[in-house]
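A.B. asks: Residue numbering for the sequence shown is 26 to 223, as defined by this note's numbering.
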Amino acid sequence: MRKAGWIIVLLAAAAAIGTAQMASHAPMGGGGSQGVVPSSRPDFGAECGIQDTSVQASRRFVRGLDGQWLRTEAGQADPQHTGLGRLWHEHTWVADIHDASAPGMNVMQMHTGQMCFDPAGRILRMMDRYMDMPGCNCMRFTALSFDPATGRVTRREQHFLNATTGQEIAPPEKAKDFPEIWRYRRVDELPFFPQVNK
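(1) Would you list the residues sitting across from alanine 195 in a DSSP beta bridge?
(2) How is the alpha helix (DSSP H) around phenylalanine 69 delimited, first residue to last?
(3) Compare the beta carbon distance of arginine 165 and phenylalanine 171 with 8 Å and say whether it is the shorter of the two.
(4) Alpha carbon to alpha carbon, how far is lysine 199 from glutamine 134?
(5) So, with DSSP's three-state summary, where would you put methionine 133?
(6) Quick check on this structure: which residue in Leu169, Trp118, Leu95 has the alpha carbon closest to the alpha carbon of lysine 223?
(7) Between His106, Pro197, Leu90, Gly70, which has its C-alpha nearest asparagine 162's C-alpha?
(8) What are the boundary residues of the beta strand (DSSP E) that glycine 110 is part of?
(9) Taking 8 Å as the threshold (C-beta atoms), are tryptophan 207 and methionine 156 in contact?
(10) Round the Cβ separation of glycine 110 and alanine 120 to the nearest angstrom and send it over; I've been treating them as touching at under 8 Å.
(11) On the DSSP bridge list, what partners appear for glutamate 98?
(12) By Cβ distance, which residues of its chain are closer than 6 Å to arginine 88, with the 5 residues on each side in sequence left out?
(13) Could you spell out the range, first to last residue, of the alpha helix (DSSP H) harbouring proline 159?
(14) What separation, rounded to the nearest whole angstrom, lies between the Cα atoms of phenylalanine 203 and isoleucine 122?
(15) If we count the other Cβ atoms within 10 Å of its Cβ and call it buried at 16 or more, is threonine 137 buried or exposed?
(16) Please state whether DSSP places alanine 200 in a helix, a strand or coil.
(17) Could you tell me the alpha carbon to alpha carbon distance between aspartate 68 and glutamine 220, rounded to whole angstroms?
(18) Taking DSSP as the reference, what is the three-state secondary structure of valine 62?
(19) State yes or no: is the C-beta of glycine 146 within less than 8 Å of the C-beta of tryptophan 118?
(20) Take aspartate 213 and list the residues in its own chain whose beta-carbon comes closer than 7 Å to its own, dropping the five residues that flank it on each side.
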């Protein structure tokens, strides 16, 4: 299977596992709808104030082997693309980012994130997933909420899952080698943001 095909398969698997697992978790921090981890992109978008989270409503970006991000149209797929990004903007912002090319990674390792930014572009919520099939057949799932005024984390929930079954597991030894959780705190810090108006 070509690289682009594996990326699609891994993203689908990550979404399926995340949906099943997140639906069973209690709210972060102890209660209220703000603490419930959304189980899909439409849910995440709605919680962030984005009504239309269809792919067609997003700005779309790809990163090539040279590391450069470019804006692209729907349907433009290339196995040489090593990163995918999507950005929705109504009153607030929602971003998706998919990375398959961090140092030492291959297509069986994938780092994805969903981020919600307020109208001023400051981060409010983040869901971060890292899947490592060859290293541990596992996924790290992290959900964060932020104080937009300071950028500080106000709520944090992290779980490790078996990538095949979706069952929660203890943090594997391999987790020490996982990349850091995404550190973008403003929408204009996203690597593809300079391409928004191009």
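No residue lacks a Cβ here, since even glycine has one placed at the ideal position from N, Cα and C.
C.D. replies: In terms of the structure at hand:
(1) Position 170 of the sequence shown, counting from 1, holds the residue named residue 195. Alanine 195 pairs with nothing; no bridge assigned.
(2) The count along the sequence shown starts at 1 and reaches residue 69 at position 44. From DSSP, the alpha helix (DSSP H) with phenylalanine 69 extends over 66-73.
(3) The residue you call residue 165 lines up with position 140 of the sequence shown. The residue you call residue 171 lines up with position 146 of the sequence shown. No, Cβ-Cβ distance for arginine 165 and phenylalanine 171 is not below 8 Å.
(4) Taking the sequence shown and counting its residues from 1, the one referred to as residue 199 is at position 174. Taking the sequence shown and counting its residues from 1, the one referred to as residue 134 is at position 109. Roughly 13 Å separates the two Cα atoms.
(5) Within the sequence shown, residue 133 is the residue found at index 108, counting from 1. The three-state secondary structure of methionine 133, taken from DSSP, is coil.
(6) Taking the first residue of the sequence shown as position 1, residue 223 is located at position 198. Minimum Cα distance to lysine 223 is reached at Leu95.
(7) Counted from its first residue, the sequence shown places residue 162 at position 137. Residue Pro197 is the option with its Cα nearest to asparagine 162.
(8) As a first step, residue 110 must be located in the sequence shown, where it is residue number 85. Segment 108-114, the beta strand (DSSP E) holding glycine 110.
(9) Working through the sequence shown from its first residue, we reach residue 156 at position 131. Working through the sequence shown from its first residue, we reach residue 207 at position 182. Contact flag unset, no.
(10) Counted from its first residue, the sequence shown places residue 110 at position 85. Counted from its first residue, the sequence shown places residue 120 at position 95. Right, the Cβ-Cβ distance comes to about 7 Å (below 8 Å), so this counts as a contact.
(11) Counted from its first residue, the sequence shown places residue 98 at position 73. Partner(s): none; glutamate 98 has no beta bridge.
(12) Sequence index remark: in the sequence shown, residue 88 carries index 63 (1-based). Taken in chain order, the residues that qualify are Trp94, Thr107, Gly108.
(13) Here the question's residue 159 lines up with position 134 in the sequence shown. Residues 158-161.
(14) Sequence index remark: in the sequence shown, residue 203 carries index 178 (1-based). Sequence index remark: in the sequence shown, residue 122 carries index 97 (1-based). One C-alpha to the other measures close to 17 Å.
(15) One-based indexing of the sequence shown puts residue 137 at position 112. Of the other Cβ atoms in all chains shown, 16 or more fall within 10 Å of the Cβ of threonine 137; this residue is therefore buried.
(16) Reading the sequence shown from its first residue, position 175 is the one you call residue 200. Three-state DSSP puts alanine 200 in a helix.
(17) The residue given as residue 68 occupies position 43 in the sequence shown. The residue given as residue 220 occupies position 195 in the sequence shown. Rounded to whole angstroms, aspartate 68 to glutamine 220 spans 26 Å at the Cα level.
(18) Reading the sequence shown from its first residue, position 37 is the one you call residue 62. Any reading at valine 62 needs caution, since the residue's pLDDT is 43, under 50, leaving its predicted position unreliable; the model's value is listed next. Correct three-state label for valine 62: coil.
(19) As a working mapping, residue 146 is identified with position 121 in the sequence shown. As a working mapping, residue 118 is identified with position 93 in the sequence shown. A contact, by the Cβ cut-off of 8 Å.
(20) On the sequence shown, residue 213 is found 188 positions in, with the first residue counted as 1. Here the set comprises Gly146.
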